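*Asks:*
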Amino acid sequence: MTDRETQFQIVCVRWFRELAYRPFARLLYHVPNGGKRTKAEAGIFKAMGVQPGTPDLHLALARCGYHSLYIELKAKGNDLDPEQFTQIELLQAQGHLVRVIWDDLDAFIALVTAYINNAPLDQIVYPQPPGRSAGALLSLARSQRKRRRF
Ligand SMILES: [Mg+2]
Numbered sequence: 676m677t678d679r680e681t682q683f684q685i686v687c688v689r690w691f692r693e694l695a696y697r698p699f700a701r702l703l704y705h706v707p708n709g710g711k712r713t714k715a716e717a718g719i720f721k722a723m724g725v726q727p728g729t730p731d732l733h734l735a736l737a738r739c740g741y742h743s744l745y746i747e748l749k750a751k752g753n754d755l756d757p758e759q760f761t762q763i764e765l766l767q768a769q770g771h772l773v774r775v776i777w778d779d780l781d782a783f784i785a786l787v788t789a790y791i792n793n794a795p796l797d798q799i800v801y802p803q804p805p806g807r808s809a810g811a812l813l814s815l816a817r818s819q820r821k822r823r824r825f
């Protein structure tokens, strides 16, 4: 996970937990399978059951005919690795929805809002505003909340 991905994920979680969906705050959580670790730490995590390729966030809510929603967050320009493809396929085969969001809070908001409201997922628009900083994204989330767009 790159620093940019980390910043993006923090903004997404803050939007969800603090601004948009406080009643469900505990049901969105991070799956700690990434990040830099020593070899010893990595071995312990692996023995504890960490599964490489599992998406970054799990929203443990059943909606839209799925058991739950997994979200993999990526910085712009980063692609999925083979472990992620494999894990995503396995999760989807078991009835979970998995989506990848590339560095775009608007897309995260659109996806989560549609999912929670059982809205048609194929009508989600994924805007791709270029070059927004994490701070700008959080400001955007706050202004959107004030306008009650979501
Ligand atoms: Mg990621």
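Whatever position you read off the sequence shown (first residue = 1), add 675 for our numbering.
Yeah, the Cβ is synthetic: ideal placement off N, Cα and C, and Gly gets one too.
Being a predicted model, the structure only gives us computed values, none of them experimental.
For T761, which residues in the same chain have their Cβ closer than 8 angstroms to its Cβ, ignoring the five residues on either side in sequence?
*Replies:* The residue given as residue 761 occupies position 86 in the sequence shown. The answer, listed in chain order, is G728.
*Asks:* Based on the DSSP output, what are the partners of W777 in its beta bridges?
*Replies:* By 1-based counting over the sequence shown, the position of residue 777 is 102. Beta-bridge pairing links W777 to K749.
*Asks:* Going by the C-beta, is K749 closer than 8 angstroms to any heavy atom of ligand 1?
*Replies:* If you number the sequence shown from 1, residue 749 lands on position 74. K749 Cβ: within cutoff of ligand 1.
*Asks:* Output needed for T677: all residues of its chain with C-beta closer than 8 angstroms, excluding positions within five of it in sequence on either side, in chain order.
*Replies:* As a working mapping, residue 677 is identified with position 2 in the sequence shown. Cβ neighbours of T677 beyond the five flanking positions: A750, N753.
*Asks:* Tell me which residue opens and which closes the beta strand (DSSP E) that L766 is part of.
*Replies:* Position 91 of the sequence shown, counted from the first residue, corresponds to residue 766. No beta strand (DSSP E) holds L766; the alpha helix (DSSP H) holding it covers 757-768.
*Asks:* Quick one: grab the DSSP three-state call for Q803.
*Replies:* Mapped onto the sequence shown, residue 803 falls at position 128. Because Q803 carries a pLDDT of 46, less than 50, the predicted location of this residue cannot be relied on, and the following value inherits that uncertainty. Three-state result, Q803: coil.
*Asks:* Using C-beta distances below 7 angstroms, list every residue in its chain close to P698, excluding the 5 sequence neighbours before and after it, in chain order.
*Replies:* Reading the sequence shown from its first residue, position 23 is the one you call residue 698. Here the set comprises nothing.
*Asks:* Would you give the residue range spanned by the beta strand (DSSP E) that H733 belongs to?
*Replies:* Along the sequence shown, one-based indexing puts residue 733 at 58. That run of the beta strand (DSSP E) goes 732-734.
*Asks:* Using the three-state DSSP reduction, which class does Y671 fall into: helix, strand or coil?
*Replies:* Nothing can be reported for residue 671, as the shown portion of the chain is limited to 676 through 825.
*Asks:* List the endpoints of the continuous alpha helix (DSSP H) containing G718.
*Replies:* Stepping through the sequence shown from its first residue, residue 718 is reached at position 43. Where G718 is concerned, the enclosing alpha helix (DSSP H) stretches over 714-723.
*Asks:* With respect to 8 angstroms, is the separation between the Cβ of E835 and the closest non-hydrogen atom of ligand 1 below this value?
*Replies:* It is not possible to answer for residue 835, since the shown part of the chain is limited to 676 through 825.
*Asks:* Looking at C-alpha atoms only, which residue of V706, L736, H733, G710 is the closest neighbour of G724?
*Replies:* Position 49 of the sequence shown, counting from 1, holds the residue named residue 724. Ranking V706, L736, H733, G710 by Cα distance to G724 puts V706 first.
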